[in-house]
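Note that our numbering has the sequence shown beginning at 4, numbered continuously upward.
One structure below.
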Amino acid sequence: MNTDGKPFQLTYLVADKNANTKVIAQNNIQQWKAIGINVALYKDRLTDFNTWAQIVLGNSGDWDITEGGWSLNQDPSPKLFIPTTPYNLGHFTSPELTKIIANIDSEKSFDTNYRKTQFNAFQEYMQREAAVIPLNFSIDWKPVNKRVIGWNNAASAYNNYGNLAVSATSPK
């Protein structure tokens, strides 16, 4: 029910990624229904990835829920949520959020305590707004053969690939 006490429906935009996508989408819709949320697939079907990307990046406003993923890099800035970022797929932003992110990325953030305070403000804001709801988490493993030299796993290593070489003609 919406705030007027009337039923409403959310539109779920799903990119058809693999053989399991339809089953997962149907399960999600079923789980939402079990808690009283009426959800239907965008145009009653899964969407191919290219169309999904056009719809999401275009900010058509005719969908309510979608799924997406992102990976983190060495820079912990949450710039993904600033208004000018093309990959802010939910198109969620606000003046308050933009200010918090600017604080995180400001010169004042060279002070660790200040930066920590700003990240806490970011986390509190995002939890309160619930604009992004994590469904899962995964770790990306990068196995490296023993013959590879110059590989650096340090978070501060911004140029991993520029320093790579091999010490043997075949894998060890």
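Note that beta-carbon positions come from the ideal geometry of N, C-alpha and C, so glycine has one too.
Check for me: the alpha helix (DSSP H) holding residue i runs from which residue to which?
| i | result |
| --- | --- |
| leucine 100 | 98-107 |
| alanine 124 | 115-132 |
| asparagine 30 | 24-37 |
Starting from the C-beta of residue i, find all residues in its chain whose C-beta is less than 8 Å away, skip the five residues before and the five after it, and write them out in chain order.
| i | result |
| --- | --- |
| lysine 175 | Asn148, Lys149, Arg150 |
| alanine 43 | Gln12, Leu13, Thr14, Tyr15, Ile32 |
| asparagine 5 | Phe11 |
| aspartate 51 | Ala18, Asp19 |
| serine 112 | Asn106, Arg118, Gln121 |
| glutamate 99 | Tyr128 |
| leucine 138 | Glu70 |
Could you please give the first and the last residue of the uninterrupted beta strand (DSSP E) stretch that includes residue i?
| i | result |
| --- | --- |
| tyrosine 15 | 12-16 |
| asparagine 41 | 41-44 |
Per DSSP, residue i forms a beta bridge with which residues?
| i | result |
| --- | --- |
| alanine 168 | Ile152 |
| threonine 50 | Ala18 |
| threonine 69 | Leu16 |
CB residue i to CB residue j, shorter than 8 Å?
| i | j | result |
| --- | --- | --- |
| threonine 101 | aspartate 65 | no |
| alanine 28 | leucine 49 | yes |
| aspartate 108 | serine 80 | yes |
| lysine 119 | isoleucine 104 | no |
Taking only the alpha-carbon atoms, compute the straight-line gap between residue i and residue j and give it to the nearest angstrom.
| i | j | result |
| --- | --- | --- |
| aspartate 19 | aspartate 47 | 13 Å |
| glycine 72 | asparagine 91 | 11 Å |
| glutamine 57 | glutamine 34 | 28 Å |
| serine 97 | phenylalanine 84 | 9 Å |
| tryptophan 55 | valine 17 | 7 Å |
| serine 74 | alanine 171 | 32 Å |
| threonine 69 | isoleucine 38 | 19 Å |
| asparagine 30 | threonine 88 | 31 Å |
| valine 169 | asparagine 53 | 38 Å |
| tryptophan 144 | tyrosine 117 | 32 Å |
What does a CB cutoff of less than 7 Å around residue i pick up in its chain, not counting 5 residues either side in sequence?
| i | result |
| --- | --- |
| alanine 129 | Reading off the sequence, residue 129 comes out as methionine, not alanine. Once the five neighbours on either side are set aside, the close Cβ partners of methionine 129 are Val135. |
| asparagine 62 | His94 |
| leucine 167 | Val151, Gly153, Trp154 |
| lysine 25 | Leu49 |
Keeping to the same chain, check which residues put their C-beta closer than 6 Å to that of residue i; ignore five residues upstream and five downstream.
| i | result |
| --- | --- |
| tyrosine 45 | Thr14, Leu16, Trp66 |
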